[in-house]
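Protein chains in written order, with this note's numbering: chain A, 27 to 319; chain B, 545 to 769.
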Amino acid sequence: MMDFKNAAELLSICETNRIPVSEAMKNRERLLTEVTDQELTSRMNRVLEIMKQAVNEPLENPRPSMGGLIGGEARLVNRRRKEGNSLCGSLVSGAIAYAMAVLEVNSSMGLIVAAPTAGSSGVVPGVLLSLKDAHGFSDEELLPPLYNASAIGYLAMRNATVAGAVGGCQAEVGVASAMAASAAVELMGGSPRQCLESASTALMNLLGLVCDPVGGLVEYPCQNRNAIGAANALTAAELALSGVRQLIPFDEMLGAMYSAGRRLPPEYRETALGGCAAAPSACAAAGKCHLHS
Amino acid sequence: MEFISIFDVLGPNMVGPSSSHTAGACSIALMARKMLGEPAARAEFVLYGSFARTYKGHGTDRALLAGVMGCSTDDVRIPRAYELAKEQNLTWRFSCNETETEVHPNTVDIDLTGITGKTVSMRGESVGGGKIRIARINEIDVDFSGECNTLIVVHKDRIGMAAHITSCLSQAEINIAFMRLFRESKGDKAYSIVEFDGKLPEHTKEKILLEQDVEHVMLIQIREG
């Protein structure tokens with residue numbers, strides 16, 4: 027049982043002990059806290075339960091967000107999927123719809139699991155619950171990928187940032203996408219190396235993404251960004267599972283993301299002063315919200 | 545470096561929309577409620593910085609009010625906090641201070657009056673990802689997260705007080721994780737903040753109070769039972 031500080035150490039632990047990323051993360055938690063296996067399982071089951079509720083609720087009963095900028099989008103995407111007309115196929119459109127659904131719940135003061143943040147909370151459940159639909163995985167089979175995702179998120183929190191105010195959206199949805207990619211790879215039988223390579227790919231593809239919430243609210247473009255985070259995670263997982271190798275290890279990718287994030291002007295770090303938030307239509311819509319005191 | 549748990553990454557379990565503006569606000573107010581040690585009858589909030597500018601769009605006000613009534617970040621009653629407060633005869637007032645800028649951007653001052661007239665006043669900061677820092681209690685600057693079980697002892701600043709507290713804790717076989725003393729000036733009132741592992745027996749709290757220079761003891765148990 028060993029602690030790890032970066033992805034290289036994590037990979038070495040996994041390969042030496044022939045264990046998946048999920049197991050290494052659980053071992054670390056057991057080593058450093060007094061938590062029992064039973065407590066871990068029960069807490070993670072609660073996480074999964076909240077994720078499932080958040081994914082399903084808006085598909086049946088969509089509610090408008092607090093700022094009124096979103097509401098009902100997930101149902102539209104899922105309806106087209108259910109009718110068999112989805113352009114991307116059921117797996118990808120499901121991941122998109124589910125990721126968007128969680129953001130609707132979040133923005134209407136519903137219950138979600140920050141993963142790693144509230145603004146990026148749709149990506150991990152979107153990907154895993156759509157994979158569950160497609161392959162018939164049980165709840166129990168979804169627990170290891172959740173531990174796996176938490177290992178990737180932990181590395182980002184420890185060695186970079188997951189705060190939009192510090193590193194932009196790449197730190198939130200980018201990291202969420204890396205977590206989901208790695209989780210998907212483990213769920214589909216990939217190796218720890220493939221998990222980390224998919225995480226690196228997912229983060230690479232969202233590198234530089236700015237945080238520019240319209241009206242300062244966690245609504246728009248956050249919901250769309252969660253959709254692309256989910257689709258991007260599946261793309262990255264597909265590459266890794268196919269054996270496509272990546273030049274840049276996850277540790278270096280986190281460094282690149284952190285460095286790019288800190289160099290972002292303040293306008294692009296959650297201040298609602300740049301990007302989408304500064305577009306005339308967005309300003310007009312935010313003016314209508316009347317939510318700023 | 546502070547330990548990052550699996551559930552710091554996949555968590556907090558929370559009512560949206562913002563970990564800092566909703567969940568963090570709720571946790572700060574819950575901490576104030578635990579310090580008060582009894583249900584609140586009156587709550588006054590002063591919001592600073594980003595809290596002051598964006599509180600309505602993030603439900604910060606409802607999260608604060610719900611926290612004062614004992615709700616955790618994942619309590620689905622948070623959106624109904626105003627109705628709940630009316631039911632519980634809790635009165636409240638929110639005000640914004642946008643002139644004071646020398647504070648953390650997500651800062652709130654909370655003044656609570658309990659049903660028997662006890663009062664507590666504190667300043668909390670929501671430092672990101674739902675994490676919080678308590679920065680002031682009753683006009684004395686302090687610094688703790690409230691993530692561990694925490695004992696707050698208000699006492700006269702004199703020789704032997706720390707020894708008294710640690711001796712009571714060691715007799716109860718309580719392991720101290722962190723201990724620090726905060727004071728206004730030498731010989732005046734002091735706050736000893738002790739973070740510890742395990743559960744503190746009620747009689748240990750009473751024992752600490754037996755010392756005449758101990759004015760007040762507040763116990764914040766994170767994991768109840």
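Beta carbons are placed, not taken as given, at the ideal position from N, Cα and C, and that holds for glycine.
By the rule that beta-carbons nearer than 7 Å mark a contact, G242/A touches chain B. Assignment of D687/B by DSSP, reduced to helix, strand and coil, places it in the strand class. By the Cβ test, the stretch 103-112 of chain A is not in contact with the stretch 587-606 of chain B, since fewer than three Cβ pairs between them sit closer than 8 Å.
For D655/B, the pairing in a beta bridge is given by DSSP as E588/B and S665/B. Under the Cβ criterion of 7 Å, R251/A is not counted among the residues facing chain B.
DSSP places I737/B inside the beta strand (DSSP E), whose first and last residues are K733 to F740. Excluding sequence positions up to five before and after F688/B, its CB lies within less than 6 Å of the CB of I678 and I737, all in the same chain and listed in chain order. Taking a C-beta distance under 7 Å as the contact criterion, S203/A and L181/A do not qualify as a contact pair. Judged by DSSP in its simplified three-state form, T635/B adopts strand.
For V559/B, the enclosing beta strand (DSSP E) stretches over residues N557 to V559.
Chain B has no Cβ within less than 7 Å of the Cβ of I39/A. Selection N250/A, T297/A and P275/A evaluated against L95/A yields N250/A as nearest (Cα-Cα).
The stretch 730-749 of chain B makes contact with the stretch 682-702 of chain B; the number of CB pairs closer than 8 Å reaches 3 or more. Secondary structure note for R606/B: its alpha helix (DSSP H) is the uninterrupted segment T604 to V612. Between the alpha carbons of G300/A and D238/A lies a gap of roughly 6 Å. Considered as a whole, the stretch 35-94 of chain A harbours no complete run of any beta strand (DSSP E) with no fewer than 3 residues. Here the stretch 606-618 of chain B makes contact with the stretch 581-596 of chain B; the two share three or more CB pairs at distances below 8 Å. Scanning the stretch 107-183 of chain A for uninterrupted beta strand (DSSP E) segments of 3 residues or longer gives 137-139, listed from N- to C-terminal end. Interface residue (Cβ-Cβ distance to chain B less than 7 Å): L154/A is not classified as such. Shown here, N641/B sits in a strand according to DSSP, grouped into three states.
Using a CB distance cut-off of 7 Å, I752/B does not count as an interface residue toward chain A. Contact note: G672/B reaches chain A through A189, using a C-beta cutoff of 7 Å and chain order.
The continuous beta strand (DSSP E) containing L763/B extends over residues V758 to I764. In the structure shown, C248/A falls within a helical segment according to DSSP collapsed to helix, strand and coil. Straight-line measurement puts the Cα of Q715/B at about 56 Å from the Cα of P90/A. About 6 Å separates the Cβ atoms of M183/A and V553/B, confirming a contact at the 8 Å cut-off. In the assembly as shown, A186/A is a buried residue. Its beta-carbon has 16 or more other beta-carbons within 10 Å. Look at I45/A: its C-beta is not under 7 Å from any C-beta on chain B. Identification of residues in the stretch 546-559 of chain B having a C-beta nearer than 9 Å to some C-beta of chain A yields F547, I548, S549, I550, F551, D552, V553, L554, G555, P556, N557, M558 and V559, given in sequence order. Interface with chain B (7 Å Cβ-Cβ cutoff): P306/A is excluded.
Taking C-beta atoms as the reference points, A140/A and V150/A fail to come closer than 7 Å. The continuous alpha helix (DSSP H) containing R219/A extends over residues P218 to N231. A282/A is the residue among G193/A, L243/A, M214/A and A282/A whose C-alpha sits nearest the C-alpha of T227/A. In this structure, E223/A sits away from N174/A, with a CB-CB distance that is not shorter than 7 Å. With a 10 Å radius around the Cβ and a threshold of 16 neighbouring Cβ atoms, G216/A comes out buried. A residue is called buried when at least 16 other Cβ atoms come within 10 angstroms of its Cβ; E83/A meets this threshold and is buried.
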